[in-house]
Amino acid sequence: MLLDFDPYGELGIATSASQDDVKAAYRRAARRLHPDTNRDNPGAAAQFQEITAAYNLLIDESKRRTFDSEFAQMKQGAFFNFRVTTSKRALMRLNEPQVIYMLADILPNTYAAEHPEKRTSRLNLTLVLDRSNSMNGDGARIEKVKVAAHQIIDQLNQDDILSVVAFNDRAEVIIPAGLVKEKNSLKARVSMMNASGGTEIYEGLATGVEQIRKFIAPRLVNHMIILTDGHTYGDHERTVNLARTVASEGVTISTMGLGQEWNDKFLDELATSTGGTCLYISSASAVVRFLNDHVRGLTNVFAERISISVAPDPDIKLESAFKLAPNPQPLTIDQGNIPLGSLQFNRIISVLFQFEMPPDMEIGFRSAARLSASGDILGDKIRRHKVVNDMSLEITENNVTDEPPTAILEALGKLTLYRMQEHAQLALEKGDVPEATRRLENLATRLFELGETDLAQQTQAEAQQVAFTSTLSDKGRKALKYHTRLLLSAPYQEKNSE
Amino acid sequence: MKICPYCAYSNREGFLFCEDCGRRLSGDANATMPTRTLLPSATKDLPKTNSNTTWGTSHFDPNATIIMVIRDADEPLHLKPETRVLFGRVDNSGIQKPDIDLTPFGALEKGVSRIHCAIYRDDLTLTIVDMGSANGTHLNGQRLTPEVPRVLRDGDEIQLGKLVTYLYFKSTSANI
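Top to bottom, those sequences are chains A and B.
Numbered by the working numbering, the letters in the first sequence go through residues 65 to 562 in order.
Numbered by the working numbering, the letters in the second sequence go through residues 4 to 179 in order.
This is the structure in structure tokens:
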């Protein structure tokens, strides 16, 4: 039998629980998570399946005995912890809806730090590189990409698996998937790439998928990096669908947009729907550093295919999710399990959720949301390790004045800046130029106050640009979006990486 | 609803930062009051200037003066704040003396502390800080947490103990 989940944790009961306890716990959980009471709640749907599976296992006496004996050996070893804090522990009852934030942190346990021999993560890496005509621009981007690819090859171990695909209107396999053995000949093949033609990401992705699938395995870090500098036309939906399919097979896709002309919404979606990262590389000279940093991160992986699912109670609405660390990025909440990519040894994954609580709640303690995090632990070969966290809150008559946790305040202060540029761009899309200008000016003011002078000046310039021409420059739009995101990463990660 | 004290934008309850201007919203659920009716006595005592055109603003011109109308008093006080103005009541035993002595306005009976509160002038705003007074300072009916500054606006009501005062900004240009 596959030990791929913990039914006791799932139902929140002790391993000594009687069959009656199991039934009671299941009924309690099912009432909250049942699809009939939770329409449009993908998190609840996903969790309902899991508690049902847990119940079916435990209620069958013989299955439970087999499981118990295997489970006893599994309990020790490397795993990750899951910590959830709320912006307020108690809420005042109001006759209007109110917002509450939850910060979810996933962190490796100390076992990982104490057992360095467990730190072996093998890579199954696929590079999908744009070699369209535009890659000749900006001081020969393609040459920088080649240098970066060379350095990646140098960085990899002999038992890592690498494949390289180049695409323009069509895709071609530069290096077929295989072990990184003869590094020089691999590098030579990369050097022969030259740039011409248009950009069709789907072709590149499809060929990359063929390569990565050859070695896809739960014990590997299966990762694909797509680097592009141009728009792709008409194949968005196909591309995202394919990405989601391979994501369900265990592949994470990171995207890197080079220069100003690429479609940021599309690359963001591609990355977030698979748990990867979307990065903005403004100039070709930075490509080498970005790619290398990214791949180095992959070699430190402790657990892979981390995902989180959130099932708020039926009267509570999950409004948004934002990954704070590593690599700040908005997340989509339409999937039951939100993919988050890999968990590194020395890093923490932090996600901030925003919920709306209903008006006129009953006084007293109430449950709010059931959050669960799962992932594959590479060193100990544990699949789908899972931790569940049931969040409850107190509703009171009185005004609650305690300060929210600093981590939430700090993150939210910066996230607000990201949202401000988002609102400005939204206003602009609707054609409301004065509103967009005003919002950008507000943002510039805040950035100045926070000492982010460069970004503030850029924002100020963009505000003027909007006022005069009613559009943002391509460069400005991306700079605002990705640089306000980066504000979140700097201090936050330093604090947690110790 | 939570109204931003800086830009008056209406945020949803529970927001910690103003969605519009990005500043931190106070942790207090009733930090700002949406509407407020000025008492008739305040309007009666209002000096004949056009200062009411600036009601509600927190912008304080560097050359402006504060007009402080004390309820049940004949004459308003005219203050020109430097960096700090300390309000209180002079008492023989007091070690520290306030800048403005409120004894003539019945401070003792109304429970004004010796060092009650202070108004600070920043670049273009005024803030009020309760200095740990015995009976508290209320800004627009809400009690201030000691030592925590709050932004002042034209037309604010400040209550020291039971002593009620109204604050108006008077820019010098309005005088001409």
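Note that CB positions come from ideal geometry on N, CA and C, so glycine has one too.
Being a predicted model, the structure only gives us computed values, none of them experimental.
Among the residues of the region 476-492 of chain A, those with a Cβ less than 9 Å away from any Cβ of chain B are Leu476, Gly477, Leu479, Thr480, Leu481, Arg483, Met484 and His487, in the order of the chain. Rounded to whole angstroms, the gap between the alpha carbons of A:Met199 and A:Thr292 is 8 Å.
For A:Asn145, the beta-bridge partners assigned by DSSP are A:Leu171. Around the beta carbon of B:Glu16, 16 or more other beta carbons sit within 10 angstroms, so the residue counts as buried. Interface with chain A (9 Å Cβ-Cβ cutoff): B:Asp133 is excluded. Scanning the region 333-395 of chain A from its first residue to its last, the whole alpha helix (DSSP H) runs of 4-plus residues come out as 351-362.
At a beta-carbon threshold of 7 Å, none of the residues of chain B lie near A:Glu426; the nearest stands roughly 18 Å away. Less than 9 Å divides the Cβ of B:Pro101 from the Cβ of B:Leu89.
Taking 9 Å as the upper bound on Cβ-Cβ separation, chain B lies near residues Asn463, Val464, Thr465, Asp466, Glu467, Pro468, Ile472 and Leu473 of the region 444-475 of chain A. Taking CB atoms only, A:Leu322 has no neighbour in chain B less than 9 Å away.
A:Ala154 is the residue among A:Lys381, A:Glu134, A:Glu301 and A:Ala154 whose C-alpha sits nearest the C-alpha of A:Pro468. Your pair A:Thr303 and A:Leu334 checks out as a contact, with CB atoms roughly 7 Å apart and the cut at 8 Å.
DSSP places A:Phe512 inside the alpha helix (DSSP H), whose first and last residues are Val497 to Glu513.
Closest in alpha carbon position to A:Glu325, among A:Leu382, A:Thr316, A:Ser537 and A:Thr130, is A:Ser537. Proximity of chain B to A:Ser384 at the Cβ level (cut-off 7 Å) is not reached, the minimal Cβ distance being about 13 Å.
DSSP, read as helix, strand or coil, puts A:Val86 in helix.
With a 10 Å radius around the Cβ and a threshold of 16 neighbouring Cβ atoms, A:Asn188 comes out buried. Taking a Cβ-Cβ cut-off of 8 Å, the neighbours of B:Cys24 in chain A comprise Asn506, Thr509 and Arg510, given in sequence order.
Contact annotation for B:Met71 against chain A: no contact, minimum CB-CB distance about 29 Å [criterion: below 7 Å]. Taking a cut-off of 8 Å for Cβ pairs, the region 418-432 of chain A and the region 441-460 of chain A touch, as three or more such pairs fall below it. Chain-order list of chain A residues neighbouring B:Glu16: Leu158, Glu160, Pro161, Gln162 and Val163, by C-beta distance under 8 Å. Put simply, the CB of B:Arg27 is near chain A, with a gap under 9 Å to one of its CB atoms. Taking a Cβ-Cβ threshold of 7 Å, the residues of chain A close to B:Phe20 are Leu476, Gly477 and Thr480, in chain order. Only residues of its own chain outside the window of five on either side were considered, and among them Val192 and Thr319 have a CB closer than 6 Å to the CB of A:Ile290, listed in chain order. Looking at B:Arg27, B:Leu155, B:Glu85 and B:Leu163, the one whose alpha-carbon comes closest to that of B:Glu112 is B:Leu163. Where A:Ala520 is concerned, the enclosing alpha helix (DSSP H) starts and stops at Thr517 to Thr533. For the pair B:Gly25 and A:Ile170, the Cα-to-Cα distance works out to about 28 Å.
A:Arg503 has a beta carbon lying within less than 9 Å of a beta carbon in chain B.
A:Ile225 is a Cβ neighbour of A:Phe279, given a cutoff of 9 Å.
Taking 9 Å as the CB threshold, B:Cys120 stays off the interface with chain A. Counted as a single uninterrupted DSSP element, the beta strand (DSSP E) harbouring A:Phe231 occupies residues Ile225 to Phe231. Distance from the CA atom of A:Glu74 to the CA atom of A:Arg434, rounded to whole angstroms, is 10 Å. Within the model, the alpha-carbon separation for A:Thr509 versus B:Leu142 is close to 27 Å.
The region 352-369 of chain A makes no contact with the region 415-425 of chain A; the number of CB pairs closer than 8 Å stays below 3. Secondary-structure assignment with DSSP links B:Cys7 through no beta bridge to anything.
With fewer than 16 other beta carbons inside 10 angstroms of its own, A:Phe532 counts as exposed.
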